[in-house]
Amino acid sequence: MNKRKKVKLSAVAGCIITTLIAVTVLIPILWLFVSSFKTDVGVIKFPPRFFPEEWTLHQYLYVGDSIPIFEMIRNTVIFAGGVTVISLLFDSMAGYAFARMRFIGSKLLFSIILLTMMVPFQIIMTPLYIEVYKFHLLDTYLGLILPRATSAFGIYMMSSFFTGLPKSLEESGRIDGMSEFRIFRSIMLPLCKPALVSLGIFHFMNNWNDLLYPLMLTSSQNKRTLSAGLAVLVGNKVIKYGPTLAATMISLTPLLVLYIFCQKYFIEGVATAGMKE
Amino acid sequence: MTERKGKKKRFQAQNQKSAYLFIMPSMIILSIFVFIPLIASFVISMTDMNIFMKDVQFVGLKNFTRLFTDGRVGNATFNSLYFTLLEVPLQIGLALFLTVCLAKNNRYSKLLRSVYYLPFVCSMTAIGIVWSMLLDPNMGLVAYWLKQTGIETIAFLKDPELAMPTVIVVTAWKGFGYTLTLLAAAVLNISQSLYEAAEMDGAGSFHKFIHITIPGIWPTISFCIVTSTISAMQMFDQAYVMTQGGPLNKTETVVQYIYDRGFQTAPYDLGYASAISVYLFVIVAVMTFVLRKFILSRGEDADE
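Written out as structure tokens, the structure is:
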């Protein structure tokens, strides 16, 4: 009897603690959301209030006056979207070849690719900058997208997915006389939609949120992504609180919406990343 | 018979050719943007190259001797280690504690796990901006709430002693949901029969945690320790957004100093920046090696 009481007590305590932590997680995000509807005065009012006293769309309507938000959104969409689409194609092609085709040097090349997963970005940062500069691609979309157009992790993830598919799949295509690329595109690729969605979300989120990489490879304000551009503007302390709040909320919205609707895929991508050891 | 063999051979040759075509785009990109820079980094670290890239001279190990007498490198190394040694245990400890409470498949646990994951989806830039505003000593909500409870105004991010701990807590706040997701998946994978057997033997929940849960998820825990340590040693975003390395360089990390030398402060000394990169690379490699060794032996102990 006593033991049961103890168990119940710890369950209640656990419930309270976990809920409290959930509140701590939600409050800053909720604060950002509601504060972006405050007036200029409401934002810097003392004593500060959590909810706006007067709800207004003013910050969203005039955010473009002090922050080049439209350019930033365009740049981020082109950069993160471009990397995601191209990288998915190249990652799955290479992953497919390593998993399903036999060719000389495949084992060696694959282990080299696995090794590059461990190369930290800061070691290649300076030479990468010099290369992009020498190619005259600094401050261009191509210069931002090209170095990220494939990833060792993506190749690894796709190849482990393709390895798990049944062996006889390509045979039917070969008997029908399909080319290798047709087999890949019409038979194999449709089968790995879940893996593609997970990897796509993984790439999209990482590039959408990335700071150091786009910061280094862009120099002008009109090629900056949301996260790099906002970081610079806030660092220079040149913009007011109100527009900053609205712009920050705008930068978060696409990923938050995506997360709410495709939660499963966010977590699956992470789970596969966790399996790579 | 021979014709058949020839056909098969031809088919294999064809197959080989298309395999190379399949991997070609990725191999070209990885060679140009990963392999070559990796090697070039070591070469550039031994030159006096700056951002204008004219009259580049080989200077041998001069950049490395300079690095060891540069007080800011020492300071940045200390800060990165300080950050890593506190942030990694905090994040993993918190995640582990919550895993115990929430490694169930009921609605409440699932909902909370997805709430905890939310900050991980957000960019460090956005999180940094929000927390800087909330923690502002003059008009921030947190400072105001603390004042209401009678605590004196604390300048979290502007106090040299408090800035780094604050950055650590914000980082752990952002990342623990990710660690929790990995750990919970591992716990849910442990066979239920192990727990039932232990209960039969009269084991309490603490006993079950130490002898079944921890050994069962040890590979995942060690994965989390190694990867979080590597990424903590490369910390940049948080300090760049929230403190710009200040106050008094108390939050300047190694990667921030690399960025500062190479891209922010004239004369944009790329050679020196590369040398610091190589230095950090070696530190991280050694730490990874030692951690792996230590963790692997721990894991074997746990199995026994």
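Protein chains in written order, with the numbering used here: chain W, 18 to 294; chain G, 1478 to 1781. Every residue gets a Cβ at the ideal spot worked out from N, C-alpha and C, and that includes glycine.
8 Å or more divides the Cβ of leucine 1595 of chain G from the Cβ of leucine 1612 of chain G. Counting every other CB atom within 10 Å of its CB across the protein chains shown gives lysine 1727 of chain G a total of 16 or more, marking it as buried. When 9 Å is used as the limit between beta carbons, tryptophan 1608 of chain G is near these residues of chain W: Pro45, in chain order. Excluding five sequence positions before and after asparagine 226 of chain W, the CB atoms of its chain that fall closer than 6 Å to its own CB belong to Ser244, given in chain order. For the segment 50 to 62 of chain W, the beta-carbon criterion of a distance under 7 Å to any beta-carbon of chain G is satisfied by Ile61. With a 10 Å radius around the Cβ and a threshold of 16 neighbouring Cβ atoms, tryptophan 72 of chain W comes out exposed. Residue pairing from DSSP leaves threonine 56 of chain W without any beta-bridge partner. Close partners of aspartate 1737 of chain G in chain W (Cβ separation under 8 Å) are lacking, with about 12 Å as the shortest Cβ gap. Taking 4 residues as the shortest admissible run, the segment 1683 to 1714 of chain G contains the following complete alpha helix (DSSP H) segments, listed from N- to C-terminal end: 1691 to 1710. Here valine 1536 of chain G is not near glycine 1605 of chain G, since their CB atoms are 8 Å or more apart. Taking a beta-carbon distance threshold of 8 Å, aspartate 108 of chain W counts as an interface residue toward chain G. For glycine 1617 of chain G, the closest of W:Trp48, W:Leu275 and W:Ser268 by C-alpha to C-alpha distance is W:Trp48.
Per DSSP, glutamine 1534 of chain G is not a residue of any alpha helix (DSSP H), being assigned neither H nor E. Taken in chain order, the whole alpha helix (DSSP H) runs of length 4 or more contained in the segment 69 to 102 of chain W are 75 to 78 and 80 to 83. Taking 9 Å as the Cβ-Cβ cut-off, the segment 1713 to 1737 of chain G approaches chain W at Phe1713, Asp1714, Tyr1717, Val1718, Gln1721, Val1731, Val1732, Ile1735 and Tyr1736, given in chain order.
Under the rule that a run must span 4 or more residues, the alpha helix (DSSP H) segments found entirely inside the segment 1607 to 1632 of chain G read 1618 to 1625.
At least one CB atom of chain W sits nearer than 8 Å to the CB of phenylalanine 1510 of chain G. Taken in chain order, the unbroken stretches of alpha helix (DSSP H) that lie wholly in the segment 192 to 251 of chain W and span 4 residues or more are 210 to 226 and 229 to 234. Here cysteine 209 of chain W is buried. Its C-beta has 16 or more other C-beta atoms within 10 Å.
Residues of chain G with a Cβ closer than 8 Å to the Cβ of phenylalanine 120 of chain W are, in chain order, Asn1492, Gln1493, Ala1496 and Tyr1497. Against phenylalanine 1758 of chain G, the close residues of chain W are Val136, Pro137, Gln139 and Ile140, in the order they occur along the chain (beta-carbon pairs closer than 9 Å).
Interface residue (Cβ-Cβ distance to chain G less than 8 Å): glutamine 238 of chain W is not classified as such. The residue among W:Phe115, W:Phe68 and W:Pro164 with its C-alpha nearest the C-alpha of tyrosine 230 of chain W is W:Pro164. For serine 268 of chain W, the nearest CB of chain G lies under 8 Å from its own CB, placing it at the interface with that chain. Under the 8 Å criterion on CB atoms, phenylalanine 1541 of chain G is classed as non-interfacial with respect to chain W. For phenylalanine 1740 of chain G, the neighbours in chain W by C-beta distance under 8 Å run, in chain order, Tyr146 and Met233. Proximity of the segment 240 to 260 of chain W to the segment 1489 to 1506 of chain G falls short of the contact definition, fewer than three beta-carbon pairs being nearer than 8 Å. If you check the CB distance, alanine 248 of chain W and valine 80 of chain W do not come in under 8 Å. At least one CB of chain W lies nearer than 8 Å to the CB of methionine 1601 of chain G. With contact defined as three or more Cβ pairs closer than 8 Å, the segment 1500 to 1507 of chain G and the segment 98 to 118 of chain W are in contact. Excluding the 5 residues flanking it on each side, leucine 1567 of chain G has same chain C-beta neighbours closer than 7 Å at Ile1645 and Ala1649, in chain order. Residue range 1548 to 1579 is occupied by the alpha helix (DSSP H) that includes glutamine 1568 of chain G.
Boundaries of the alpha helix (DSSP H) around phenylalanine 1653 of chain G: 1640 to 1666. Between the segment 1515 to 1533 of chain G and the segment 133 to 142 of chain W, the count of Cβ pairs shorter than 8 Å is three or higher; the stretches touch. In chain order, Leu1612, Asp1613, Pro1614, Thr1630 and Ile1631 place their CB closer than 7 Å to the CB of alanine 1620 of chain G, counting only its own chain and leaving out the 5 sequence neighbours on each side. Rounded to whole angstroms, serine 237 of chain W and glycine 160 of chain W show a C-alpha spacing of 14 Å.
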